[in-house]
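Trainee:
Residue numbers (the numbering used here): 1 to 371.
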């Protein structure tokens, strides 16, 4: 551990997957946060098919190993379910033609409707598309436990064994893999490193006093404001964390804010707004802050979010899109979805590589080797 001086500090540590303290989830579930998670999911899926193909594997065990549960009905969970369905139907069928009939994908969500951020009509369109593809959607369900081993058997703890998913409304369900995508929880850094009392002096502003402290800030004890529900850092419209006196009880107590500290992304929320914790919001905040810091005029303007809409892939070259009050679904939405992701790629080199891999996958199938 070492100390480092700084001129400007940007806190953008992101979030962790929210498990709600569900027993066994941290130890046994698979998450969708980084490349390492993607590799673990890939290897687990291949292991499930390889184990199911063994002559010593019973039919009950095959059905368990090839049952893939996705917990969470948001865009991430839905897009993963759709991509997994495409992978099995288009590529695993070629390698394991006798096993595909055993596979099953089930989406569990605590809400009464999946994709709640979309119009209800688009959400139902996704459900109908999933039904046609054989993907089951179970809404208003609560997950209570995830443990190794088949229901009614002792936990095996082997990589090749199945898991038992305990659902409050359905009982115990055998699954080969459980993908957990139920939202976000604050990074422990926000709770531990930024959760205590802060003593500052010249690094502080009182916005309603023309930017100059009206009393001796060195003698005051401050704490960073946190969102009461999510625990995110509360910032002003210039992405500067807000502070209140540690002992203050009056909600009208004047707020202070750091001059040269900024917070953005999933770990921060602008005061008085309810922007979603999405890449679109984080990207716009990052671009705005970079521009203001490069020009040295952070006080010139405030950040304003421009809603570009929402999109989700639902399988078989179909997607749904909602933007500017207009709803688009089907193949046209898929083309826009693909184009948008390609356009947002950081460099022309990556754009060309991604487009090339798409063409290779279309012509020759996906590479499903372990890596």
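The beta-carbon is built from N, C-alpha and C at its ideal position, and this holds for glycine as well.
#1: On a CA-only basis, which of 129, 264, 257 is nearest residue 280? Give me that one, please.
#2: Is the beta carbon of residue 320 less than 8 Å from the beta carbon of residue 312?
#3: Below 8 Å between beta carbons: does that hold for residue 235 and residue 270?
#4: Rounded to whole angstroms, what's the CA-CA distance from residue 355 to residue 362? Just pull it up for me.
#5: Return the chain-ordered list of same chain residues with a C-beta closer than 7 Å to the C-beta of residue 135, the five sequence neighbours on each side being excluded.
#6: Under 8 Å Cβ to Cβ from residue 282, same chain only, skipping five residues before and after it: list those, please.
#7: Residue 189: buried (16+ other C-beta within 10 angstroms of its C-beta) or exposed?
#8: Could you tell me which residues DSSP puts in a beta bridge with residue 103?
#9: Below 8 Å between beta carbons: does that hold for residue 233 and residue 268?
#10: By alpha-carbon positions, which one of 289, 65, 153 ends up nearest to residue 260?
#11: Report back the beta-carbon spacing between residue 133 and residue 21 to the nearest angstrom; my notes put them in contact at under 8 Å.
#12: Give me, in chain order, the residues of the same chain whose beta-carbon lies closer than 7 Å to that of residue 237; leave out the 5 immediate sequence neighbours on both sides.
#13: Suppose the cutoff is 7 Å on Cβ atoms and the five residues either side in sequence are ignored; what does the same chain contact list for residue 286 look like?
#14: Considering only residues of the same chain and omitting the five flanking positions on each side of residue 334, which have a CB-CB separation below 6 Å?
#15: Is residue 174 near residue 150, with beta carbons less than 8 Å apart?
#16: Looking at the structure shown, is residue 132 part of a helix, part of a strand, or coil, going by DSSP?
#17: Check whether the stretch 35–45 touches the stretch 176–183, counting contact only when three or more Cβ pairs, one atom from each stretch, lie closer than 8 Å.
#18: Round the Cβ separation of residue 139 and residue 71 to the nearest angstrom and send it over; I've been treating them as touching at under 8 Å.
Mentor: According to the data block:
#1: 264
#2: yes
#3: yes
#4: 11 Å
#5: 81, 85, 105, 107
#6: 12, 264, 265, 266
#7: exposed
#8: In DSSP, residue 103 forms no bridge with anything.
#9: yes
#10: 289
#11: Not really, about 33 Å apart at Cβ, beyond 8 Å.
#12: 270, 302, 303
#13: 264
#14: 317, 318, 319
#15: yes
#16: helix
#17: yes
#18: About 12 Å; that fails the 8 Å criterion.
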